[in-house]
Amino acid sequence: MTINDRLFAVMKEQSVGIRELSRRTGITASTISDWNTKHTNPSSDKISIICEALNISTSFLLTGKEENRFSDFAISDSEKYLIEMYRSFDSKRKARLLSYLEKMEGKKL
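In this text, residue positions in the sequence shown follow this note's numbering: the first is 3, and each later residue adds one.
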(Lines of atoms letter the chains of each structure in order from A and count residues from 1; the text may use other names and numbers.)
(Lines give C-alpha, C1' and ligand atoms only; values in the text may rest on other atoms or scores of the structure.)
Protein backbone atom coordinates (compact mmCIF):
# COMPACT_ATOMS: atom_id res chain seq x y z
CA MET A 1 0.00 0.00 0.00
CA THR A 2 1.37 3.42 -0.94
CA ILE A 3 1.21 6.71 0.94
CA ASN A 4 -1.54 7.77 -1.45
CA ASP A 5 -3.52 4.58 -0.74
CA ARG A 6 -3.19 5.05 3.04
CA LEU A 7 -4.16 8.73 2.82
CA PHE A 8 -7.38 8.07 0.93
CA ALA A 9 -8.19 5.00 3.06
CA VAL A 10 -7.91 7.12 6.23
CA MET A 11 -10.00 9.87 4.65
CA LYS A 12 -12.69 7.33 3.76
CA GLU A 13 -12.53 5.76 7.22
CA GLN A 14 -12.95 9.16 8.87
CA SER A 15 -15.59 10.33 6.34
CA VAL A 16 -13.33 13.23 5.35
CA GLY A 17 -13.81 14.30 1.76
CA ILE A 18 -11.40 16.19 -0.44
CA ARG A 19 -13.02 19.56 0.30
CA GLU A 20 -12.94 18.92 4.05
CA LEU A 21 -9.27 17.94 3.97
CA SER A 22 -8.60 21.05 1.93
CA ARG A 23 -10.39 23.18 4.53
CA ARG A 24 -8.45 21.57 7.38
CA THR A 25 -5.04 21.83 5.72
CA GLY A 26 -5.13 24.83 3.43
CA ILE A 27 -4.06 22.59 0.55
CA THR A 28 -6.17 23.21 -2.53
CA ALA A 29 -8.88 20.69 -3.29
CA SER A 30 -7.54 20.37 -6.84
CA THR A 31 -4.12 19.33 -5.51
CA ILE A 32 -5.69 16.69 -3.25
CA SER A 33 -7.88 15.51 -6.11
CA ASP A 34 -4.80 15.20 -8.33
CA TRP A 35 -3.15 12.89 -5.78
CA ASN A 36 -6.21 10.68 -6.06
CA THR A 37 -6.73 10.70 -9.82
CA LYS A 38 -3.03 10.64 -10.80
CA HIS A 39 -2.10 8.20 -8.01
CA THR A 40 0.69 10.43 -6.80
CA ASN A 41 1.86 11.07 -3.26
CA PRO A 42 1.76 14.39 -1.43
CA SER A 43 5.02 16.28 -1.35
CA SER A 44 7.09 16.03 1.80
CA ASP A 45 6.17 19.54 2.93
CA LYS A 46 2.48 18.54 3.00
CA ILE A 47 2.82 15.27 4.97
CA SER A 48 2.91 16.74 8.48
CA ILE A 49 0.04 19.13 7.70
CA ILE A 50 -2.10 16.24 6.45
CA CYS A 51 -1.23 14.04 9.42
CA GLU A 52 -2.12 16.77 11.88
CA ALA A 53 -5.46 17.37 10.13
CA LEU A 54 -6.31 13.65 10.20
CA ASN A 55 -4.85 13.01 13.65
CA ILE A 56 -2.50 10.29 12.43
CA SER A 57 1.25 9.98 12.82
CA THR A 58 3.60 10.71 9.96
CA SER A 59 5.13 7.32 10.63
CA PHE A 60 1.78 5.62 9.99
CA LEU A 61 1.15 7.54 6.77
CA LEU A 62 4.64 6.77 5.48
CA THR A 63 4.95 3.15 6.59
CA GLY A 64 1.46 1.89 7.36
CA LYS A 65 2.52 0.39 10.67
CA GLU A 66 -0.56 0.31 12.91
CA GLU A 67 1.33 0.68 16.18
CA ASN A 68 2.26 4.18 15.01
CA ARG A 69 -1.21 5.08 13.79
CA PHE A 70 -2.15 7.91 16.14
CA SER A 71 -0.28 11.16 16.39
CA ASP A 72 2.21 11.49 19.18
CA PHE A 73 0.06 13.33 21.72
CA ALA A 74 -0.80 11.43 24.90
CA ILE A 75 -3.68 9.08 24.29
CA SER A 76 -4.56 6.00 26.29
CA ASP A 77 -5.26 2.58 24.85
CA SER A 78 -8.93 2.89 25.77
CA GLU A 79 -9.13 6.24 23.96
CA LYS A 80 -7.52 4.67 20.88
CA TYR A 81 -10.06 1.86 21.05
CA LEU A 82 -12.98 4.31 21.27
CA ILE A 83 -11.68 6.31 18.32
CA GLU A 84 -11.21 3.19 16.21
CA MET A 85 -14.70 1.97 17.08
CA TYR A 86 -16.27 5.35 16.28
CA ARG A 87 -14.48 5.49 12.94
CA SER A 88 -15.81 2.05 12.03
CA PHE A 89 -19.44 3.14 12.57
CA ASP A 90 -21.70 4.21 9.74
CA SER A 91 -23.11 7.75 9.94
CA LYS A 92 -26.31 6.58 11.65
CA ARG A 93 -24.43 4.81 14.46
CA LYS A 94 -22.10 7.81 14.86
CA ALA A 95 -25.12 10.10 15.27
CA ARG A 96 -26.67 7.76 17.86
CA LEU A 97 -23.45 7.65 19.85
CA LEU A 98 -23.05 11.43 19.79
CA SER A 99 -26.66 11.84 20.87
CA TYR A 100 -26.06 9.46 23.78
CA LEU A 101 -22.93 11.38 24.81
CA GLU A 102 -24.80 14.67 24.65
CA LYS A 103 -27.48 13.27 26.95
CA MET A 104 -24.83 12.04 29.38
CA GLU A 105 -23.24 15.48 29.50
CA GLY A 106 -26.47 17.43 29.26
CA LYS A 107 -25.28 19.54 26.33
CA LYS A 108 -24.95 19.60 22.56
CA LEU A 109 -21.61 18.53 21.01
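Glycine included, C-beta positions come from ideal geometry on N, C-alpha and C.
Applying the 10 Å Cβ sphere with the 16-neighbour rule, what's the burial state of residue i?
i	result
L100	exposed
M13	buried
Is it the case that the Cβ atoms of residue i and residue j are separated by a distance below 8 angstroms?
i	j	result
L56	I5	no
T33	I52	no
R89	E22	no
Taking residue i as the reference, which of the options has the closest Cα?
i	options	result
N38	K48, I20, E54, I49	I20
M3	K67, M106, K48	K67
K82	R25, I58, G108, I29	I58
S17	G108, K94, K105, M106	K94
Residue i lies in the alpha helix (DSSP H); which residues open and close that run?
i	result
I49	46-56
K82	79-90
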